[in-house]
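A short write-up of the structure that comes next.
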Amino acid sequence: MKDFISIIFPRICAGCGNSLWKNEEVICHLCDYHLPRTNFHRDQENPVTITFRGRVHVESAAAYLYFNKGNKVQRLIHQLKYKGRKDIGVFLGNQYGRELIRSPFFKTVDQIIPVPLHKKKLMKRGYNQSEQIALGLSESMKIPVNKHQLIRIKATETQTHKSRFDRVMNVHEIFTVLDPLSLEGKHILLVDDVVTTGATLESCIQNLQNIPGIKISVACLATAVI
Ligand SMILES: [Zn+2]
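Below is the structure:
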């Protein structure tokens, strides 16, 4: 049946557009091989961790891939966010999870929490791209996803022409935790698609950090942090 479907709808690599071989899923082996991996999870002193320094405390933070204008990673994330390609998030999340579980810094994670979308945006898009990444991570790390505790209570305005300070102000306190007691003493892995200024994640962390005994780490699919 799978072969029959692929005759009518040829399976195409989401990275380069070439046909996929039978044993390939989502992206071809060549694109996979050339993905610009950061390996930040092997080093706690990495650019993503440093981004949060002096702002909020994180146990560990990392991002899987380098995001650059026009690169394959941008193309993949664009399809994940705007073209209904949820499978890209699950696939790359799963791959990333296999690397994260080998890192000593992510071994004690209890729950994976995706950065939530605002209700309206979720209705429009039909799914939360960060949740798809979280589902992939969950598959390979064997750690549950908790998508009901952290919610977004106000959509952010467009942030294109604002300074980092304005952006921080803009997203401040737009997240809330429904039952903080349920997260007491837990090590949470917050998941987002791309980390740039870290403002959105910072805002999430501010809402979680006062829960007694909580530890917060961050894993993003890609980073534009220099
Ligand atoms: Zn390819």
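The numbering used here puts the first residue of the sequence shown at 6, with every later residue one more than the last. Beta carbons: idealized from backbone N, C-alpha and C, even for Gly. Since the model is a prediction, treat every value here as computed from it, not as a measurement.
With distance defined between alpha-carbon atoms, name the residue in I17, V223, I55, I106 nearest to V199. V223
Kindly examine ligand 1 and report whether one of its heavy atoms sits closer than 7 Å to the Cβ of G20. G20: yes, Cβ under 7 Å from ligand 1.
Thinking just about the alpha-carbon of each residue, which of T228, R103, G190, R90 is nearest to the one in N215? G190
Note down, in chain order, each residue of its chain lying with its Cβ closer than 6 Å to the Cβ of R16, except the 5 sequence neighbours on either side. L25
If we call anything under 8 Å between Cβ atoms a contact, is L122 one with R80? no
Look at P41 and V230 and say whether their C-beta atoms are less than 8 Å apart. no
Roughly how many angstroms separate the alpha carbons of H46 and P217, rounded to a whole number? 26 Å
Closest by CA to Y71, which one among P119, S208, Q211, T201? T201
Which residues in the same chain have their Cβ closer than 7 Å to the Cβ of Q49, if we skip the five residues on either side of it in sequence? Here the set comprises S65, F110.
Assigned secondary structure, V176 (DSSP; H/G/I helix, E/B strand, else coil): Interpretation of V176 is limited by its pLDDT of 49, a score under 50 that renders its predicted location unreliable; the figure taken from the coordinates is listed afterwards. Helix, per DSSP.
Does the distance from the C-beta atom of I138 to that of L194 stay below 8 Å? no
At a threshold of 7 Å, does I221 count as lining ligand 1 (C-beta to nearest heavy atom)? no
Terminal residues of the continuous beta strand (DSSP E) containing P121? Going by DSSP, P121 is part of no beta strand (DSSP E) at all; its letter is neither H nor E.
Let me check one thing: in DSSP terms, what residues is D197 bridge-paired to? C225
Rounded separation between I93 and K152 - CA only: 19 Å
Do you know how far the Cα of L226 is from the Cα of V78? 9 Å
Would you call M146 buried or exposed, if buried means 16 or more other Cβ atoms sit within 10 Å of its Cβ? buried
Nearest to C18 by CA position, among C33, N28, K27, is which residue? C33
With a threshold of 7 Å on Cβ separation, who are the neighbours of I179 within its own chain once the five nearest residues in sequence on each side are excluded? R157, I158, K159, T161, S208
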